[in-house]
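Colleague: Heads up: take any position in the sequence shown, counting from 1, add 4, and you land on our numbering. We put the CB at the ideal spot given by N, CA and C, even for glycine. What you are looking at is a predicted structure, and each value in this text was computed from that prediction instead of being measured. Right, I'll just put the structure down here and ask away after.
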Amino acid sequence: MIQKFFSYIIPIKIFKKKSARSKVIEVTWANGELVLDSENTNYSYGSLQRILRYGLRNIGYQNILDMNHILLLGVAGGSVVKTLVDEVEFKGKITGVEIDSEMIKVANQFFNLNKINQLEVVIEDAFEFVLKTKEQYDLIIIDIFEDIKMPNFLFESFFSNRVCSLLKNQGFILFNTMILDEAHNIRNRKYISEINPEMFTTKMLPRIEAHNELIIIEKVA
Numbered sequence: 005m006i007q008k009f010f011s012y013i014i015p016i017k018i019f020k021k022k023s024a025r026s027k028v029i030e031v032t033w034a035n036g037e038l039v040l041d042s043e044n045t046n047y048s049y050g051s052l053q054r055i056l057r058y059g060l061r062n063i064g065y066q067n068i069l070d071m072n073h074i075l076l077l078g079v080a081g082g083s084v085v086k087t088l089v090d091e092v093e094f095k096g097k098i099t100g101v102e103i104d105s106e107m108i109k110v111a112n113q114f115f116n117l118n119k120i121n122q123l124e125v126v127i128e129d130a131f132e133f134v135l136k137t138k139e140q141y142d143l144i145i146i147d148i149f150e151d152i153k154m155p156n157f158l159f160e161s162f163f164s165n166r167v168c169s170l171l172k173n174q175g176f177i178l179f180n181t182m183i184l185d186e187a188h189n190i191r192n193r194k195y196i197s198e199i200n201p202e203m204f205t206t207k208m209l210p211r212i213e214a215h216n217e218l219i220i221i222e223k224v225a
């Protein structure tokens with residue numbers, strides 16, 4: 005494909021759509037691969053896929069293979085789902101929660117997300133889903149952005165305590181955050197300080213792809 009070839013020289017935009025939730029959704033050929041972007045940041049594939057792959061490797065692919073049910077808060081184009089299915093070869097169930105139905109339509113059209121049989125996509129606000137779900141999960145991936153902004157509720161202790169309560173024993177949370185200024189550094193450290201150290205261990209993987217910091221929480225008790 006000629007667009008793929010030339011994308012090694014310059015990114016080639018092939019699709020652009022306005023969305024009430026995400027403002028702008030773009031699909032671009034970049035360095036030989038299709039990526040999904042918002043107006044100012046990468047939403048799926050490209051750098052985001054590298055970031056979350058790094059987090060999954062830190063948890064350990066073998067640990068993930070032994071899991072039964074993974075919850076993904078924030079699906080976008082589904083690059084982390086592809087990593088789990090194609091690279092980790094995870095065989096269990098994946099529940100993906102995405103607030104933007106337009107994003108899922110684009111993911112189905114360009115990235116064949118609807119071809120992944122073990123994935124169930126729920127169109128709902130992540131906060132509402134977390135409050136209602138009765139399931140327990142082996143791994144919860146939090147990857148929620150509104151362009152370059154992160155909703156405040158993600159860092160509130162009520163939400164983090166609720167998410168932690170959904171983990172099975174020896175379960176993990178992988179939380180992708182963006183650090184653009186010192187206030188964000190302070191926010192992340194406050195978030196970690198409020199996690200119960202008697203039940204959970206926490207670690208940070210800082211400065212991945214320039215502006216991202218991963219927080220990994222493991223339930224140990």
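Can you tell which of Glu30, Asn62 and Arg25 has its C-alpha closest to the C-alpha of Glu222?
Modeller: The shortest C-alpha separation from Glu222 is found at Asn62.
Colleague: First and last residue of the beta strand (DSSP E) that includes Leu178?
Modeller: Per DSSP, Leu178 belongs to the beta strand (DSSP E) from Leu171 to Met182.
Colleague: With DSSP as the reference, label Gly59 as helix, strand or coil.
Modeller: Helix at Gly59.
Colleague: Measuring CA to CA, which of Leu209, Phe176 and Glu160 is closest to Met203?
Modeller: Selected option, being the one with the closest Cα: Phe176.
Colleague: Rounded to whole angstroms, what is the Cα-Cα separation between Ile196 and Val79?
Modeller: Rounded to whole angstroms, Ile196 to Val79 spans 24 Å at the Cα level.
Colleague: In whole angstroms, what separates the C-alpha of Asn189 from that of Met154?
Modeller: Going from the Cα of Asn189 to the Cα of Met154 covers about 13 Å.
Colleague: With respect to the alpha helix (DSSP H) encompassing Ala130, which residues constitute its N-terminal and C-terminal limits?
Modeller: Per DSSP, Ala130 belongs to the alpha helix (DSSP H) from Ala130 to Lys136.
Colleague: Could you check if Ala130 is buried or exposed, using at least 16 other CB atoms within 10 Å of its CB as the buried criterion?
Modeller: Flag for Ala130 reads buried.
Colleague: In the DSSP assignment, the beta strand (DSSP E) including His215 goes from what residue to what residue?
Modeller: Taken as a continuous stretch (DSSP letters only), His215 belongs to no beta strand (DSSP E), as it is neither H nor E.
Colleague: Relative to the C-alpha of Gly82, which residue among Gly59, Lys95, Ile120 and Asp70 is closest?
Modeller: It is Ile120.
Colleague: Leaving out the 5 sequence neighbours to the left and right, which residues in its chain are closer than 8 Å to Tyr58 when beta-carbon positions are compared?
Modeller: Correct list, in chain order: Leu209, Ile212 and Leu218.
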